[in-house]
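2 protein chains.
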Amino acid sequence: MTITPLLARRTRNMGASAIREILKVASRPGMISLAGGIPAPESFPMHIMRDVIDSVIEKYGPNAFQYDLTEGFLPLREALAAYLADKGVAAAPEQVLIASGSQGALDGLGKILISPGDHVALEAPTYLGALQAFTPYEPQYVQIETDHRGMLPDALENALERHPVKFVYLVPNFQNPTGRTLPLKRRRAIAEIIQRFDTLLVEDDPYGDLRYRGTPLPPIKSMAPDHVVYISTLSKVFAPGLRMGFSLAPDRVRRWLVLAKQGVDLHTSTFNQALAAEYLAGGHLKRHLPHIVDLYRPRQQAMLDAMARFFPDAFTWSVPDGGMFVWAEGPEGMDMEAVNRKALERNTAFVPGTFFFARPGDGRETLRLNYTMADEATLSRAIELLGEVLSDALSQKQIYKRMG
Amino acid sequence: MTITPLLARRTRNMGASAIREILKVASRPGMISLAGGIPAPESFPMHIMRDVIDSVIEKYGPNAFQYDLTEGFLPLREALAAYLADKGVAAAPEQVLIASGSQGALDGLGKILISPGDHVALEAPTYLGALQAFTPYEPQYVQIETDHRGMLPDALENALERHPVKFVYLVPNFQNPTGRTLPLKRRRAIAEIIQRFDTLLVEDDPYGDLRYRGTPLPPIKSMAPDHVVYISTLSKVFAPGLRMGFSLAPDRVRRWLVLAKQGVDLHTSTFNQALAAEYLAGGHLKRHLPHIVDLYRPRQQAMLDAMARFFPDAFTWSVPDGGMFVWAEGPEGMDMEAVNRKALERNTAFVPGTFFFARPGDGRETLRLNYTMADEATLSRAIELLGEVLSDALSQKQIYKRMG
């Protein structure tokens, strides 16, 4: 049996991902990886895990291990409604829909909204997992221009005038891959635009709680509640292995998300939902979050300090107020995939930025650096080494240009 | 914003499910429900749950809460390879793919295989969750005739001659909804047919371990390994709330399932996979399974005894060797949806069988009865009451016939 004639048309879009191969290589022993996008294991609240588990078993007994509603475990939805209220987002518990990671919410939105050929607008660059969720449903992507503060409202307006866009996708806080945060004024402008065009916005906010300095900004959801699907996850503030995501969608969208989820996984793990409910409602998140921030802030600082010292002058980079990533851009014409191969030879890994663009070939001179998975000394050493690789590549490029 | 123009074409197939409404009514306080399809909470191994959890935290620490491979947590894949070997199915751990419930495996198969209009062949009646997984991908269903021993090989062969079928779906053991088990001879015949037609078979086996009497039969997977995707779950033998399913697919199918899963949920809960690994590898399943069987066997017997006593003579029903369901058929022309409404008025619920047929309107005279969620006395009382409702309906139908 050959597989190709068996596959659905959509499946041919699911190419083996080059980034997956990079991450595989990056996880080899001895490698210093700035490539991943995963939280430090020492950020997990292991010291209270048994207490949380004991509370759950005591409170819910076998119900914590039984089938439950597709919409989610009610105590978690209640806890999340309170969590959202703290962010200025009004939600009844019944409106919060649990997902198997925020990936589950993204897949659900792609499934219910995208017919082949439909337009989806997103930042350039954007979150790779969103592309992986949407692409199987065969959309046409409309890349919206960004600058160092995120999506440009004018560019969005322009795109909505030119294309019948099913929905707009963006990450407002400490974006993956760029670390950028959308300023308040732009949030207001985007809220106004999507309401005027009567378009749906998917606001994906996994990193908002990881703020190292400055004041949290209100979600766009709070400005245009009827036009925004707000998505988030507990992966960065509790434990990613529990796959605990959620969405707050306008009612008429949510009911379809529920039907889709029923076919995809019936519901998200009851036990993990109960653990998350206990973590939130027991006040553990509020107590533990400062420790996570205190863990990451100096790591980011170490990376930024080392970049200032060791990166070639031709490079610029973001200085994010939180999150997990720094984004760097080299001079036009540099090929960061080639640079990454050189870096891997020297046991240092990063992700070439081109993978985060919907349009193939864009952003070849960019790179994403993660600082959550290594200590300060290791990060400094890795950046020093990467600086050397970049300088080498740069000088070779100059040589090449002279010859050309 | 109106939602309809926003929806993808596939979404219009995801109609609000009538069965969902029935299950909602059936879960009201005071109702005796034979409608559900869920394991008894007293079947969960609560007495060893803390031990299993402690072992996992001790063995894996924060790794049990970290992101993991899309394919699954290796210790669980190893334990499942051993579990499958006991069933006569050869599998390397790397070939076992973890899913978020068997629902996740069904969705993945639908996603990678079904283009709109493609043919999918399945038993009539079949598992509702499979229809819910496949239908959003817009297949055309080909119903294969069954008798009291399951799918008829001749009918399958005939269907494969007439239609270009992407895959065949069946539940070989104690099928949901009928409780029927496919005999060895038919398994061999079906294995031969799918190999001859070079067609893929999806063998979904959630109930195989719940055998009350007789000898286990080998999975069709063991007879045609290169043409069968074997799917199962730990929902019925550990705890359904953990959403722990898995598949063993031919390599060329599995790699696409992995890519699809990456976009859907990245991976299944690491912690729950670690719990499942410990439950299997620690020998807990083997020790606990007999207790589950001992719990259900007398419940099934009580239901069958009461049916023999209280059901009208015009009815026939299955006498399954295991599983969770009894399937009954009334005389042609009866409408079990109407009967169910009458039964609900008397605080007894079941699922009309028509919902389990891919072709609307088929099986209107059939019903599915579940016996795992009530004790023997309650089951006898419910069946007595249901017998009265059925007798009433039958006599009204006879009156109607005489008038007509």
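Just so you know, the sequences run in chain order G and H. Its first residue numbered -2, the first sequence is counted upward by one per residue in the working numbering. Its first residue numbered -2, the second sequence is counted upward by one per residue in the working numbering. Here a beta-carbon is modelled for each residue, glycine too, at the ideal position from N, C-alpha and C.
query: Taking 8 Å as the cut-off, does the region 342 to 361 of chain H touch the region 119 to 133 of chain H (at least 3 CB pairs, one atom from each stretch)?; result: yes
query: Figure out for me which residue from H/12, H/206, H/93 and H/205 has the closest Cα to the Cα of residue 128 of chain H.; result: H/12
query: Distance, Cα to Cα, residue 79 of chain G vs residue 43 of chain G?; result: 24 Å
query: Residues in its own chain within less than 8 Å of residue 10 of chain G by CB, not counting five upstream and five downstream?; result: 132, 133 and 135
query: Measuring alpha carbon to alpha carbon, tell me which of H/28, H/51, H/8 and H/257 ends up nearest residue 279 of chain H.; result: H/51
query: Distance, Cα to Cα, residue 190 of chain G vs residue 198 of chain G?; result: 10 Å
query: In or out: residue 288 of chain G buried (at least 16 other Cβ within 10 Å) or exposed?; result: exposed
query: Count the C-beta pairs between the region 223 to 243 of chain H and the region 269 to 279 of chain H that are closer than 8 Å, then say yes if the count reaches three, no if not.; result: yes
query: Do you know whose CA, among G/73, G/72, G/162 and G/374, lies nearest residue 110 of chain G's CA?; result: G/162
query: Measuring only between beta-carbons, confirm whether residue 304 of chain H sits less than 8 Å from chain G.; result: no
query: Looking at chain H, is there any beta carbon in it that lies within less than 8 Å of the beta carbon of residue 243 of chain G?; result: no
query: Straight-line CA distance for residue 28 of chain G to residue 376 of chain G?; result: 12 Å
query: Closer than 8 Å, CB to CB, is residue 43 of chain H near chain G or not?; result: yes
query: With 16 other CB atoms within 10 Å as the buried threshold, where does residue 26 of chain G fall?; result: exposed
query: Under 7 Å between beta-carbons, which chain G residues line up against residue 238 of chain H? List them in chain order, please.; result: 61, 62, 63, 64, 65, 266, 267 and 268
query: Express the C-alpha separation of residue 62 of chain G and residue 150 of chain G in angstroms, rounding to a whole number.; result: 46 Å
query: Given residue 312 of chain H, which residues of its chain have a CB within under 6 Å of its CB, disregarding the five upstream and five downstream residues?; result: 325 and 327
query: So that I know if they touch, is there some Cβ in chain G lying closer than 8 Å to that of residue -2 of chain H?; result: yes
query: Can you check whether the C-beta of residue 392 of chain H is within less than 8 Å of a C-beta belonging to chain G?; result: no
query: Under 8 Å Cβ-Cβ, which residues of chain H neighbour residue 253 of chain G?; result: 0, 4, 8 and 11
query: Against chain G, which members of the region 85 to 109 of chain H pass a CB distance test of less than 7 Å?; result: 97, 98, 100, 101, 104, 108 and 109
query: Could you tell me whether the Cβ of residue 402 of chain G comes closer than 8 Å to any Cβ of chain H?; result: Given a span of -2 to 401 for chain G in the structure shown, any question on residue 402 of chain G remains unanswerable.
query: Is residue 258 of chain G helix, strand or coil by DSSP?; result: helix
query: Give me, in chain order, the residues of the same chain whose beta-carbon lies closer than 7 Å to that of residue 227 of chain G; leave out the 5 immediate sequence neighbours on both sides.; result: 86, 200, 202, 216, 218, 244 and 245
query: Output yes or no for whether 8 Å exceeds the beta carbon distance between residue 336 of chain H and residue 387 of chain H.; result: yes
query: If you draw a straight line from the C-alpha of residue 84 of chain H to the C-alpha of residue 206 of chain H, how long is it?; result: 10 Å
query: Which residue spans inside the region 122 to 176 of chain G form an unbroken alpha helix (DSSP H) run of at least 4?; result: 125 to 131 and 150 to 159
query: Suppose the cutoff is 8 Å on Cβ atoms and the five residues either side in sequence are ignored; what does the same chain contact list for residue 248 of chain H look like?; result: 92
query: Going by DSSP, name the residue or residues bridged to residue 93 of chain H.; result: H/245
query: Taking a Cβ distance cut-off of 9 Å, strictly less, list which residues of the region 203 to 230 of chain G are near chain H, in chain order.; result: 223 and 224
query: Can you tell me whether DSSP reads residue 39 of chain G as helix, strand or coil?; result: helix
query: Residue 38 of chain H and residue 60 of chain G - do their beta-carbons sit closer together than 8 Å?; result: yes
query: Contact check, residue 31 of chain G vs residue 382 of chain G under 8 Å by CB: the rounded distance?; result: Wrong, their Cβ atoms sit about 10 Å apart, outside the cutoff.
query: From the beta carbon of residue 190 of chain G, is the nearest beta carbon of chain H less than 8 Å away?; result: no
query: Classify residue 21 of chain G as buried or exposed, calling it buried when 16 or more other Cβ atoms lie within 10 Å of its own Cβ.; result: exposed
query: Nearest to residue 338 of chain G by alpha carbon, out of G/5, G/18 and G/1?; result: G/18
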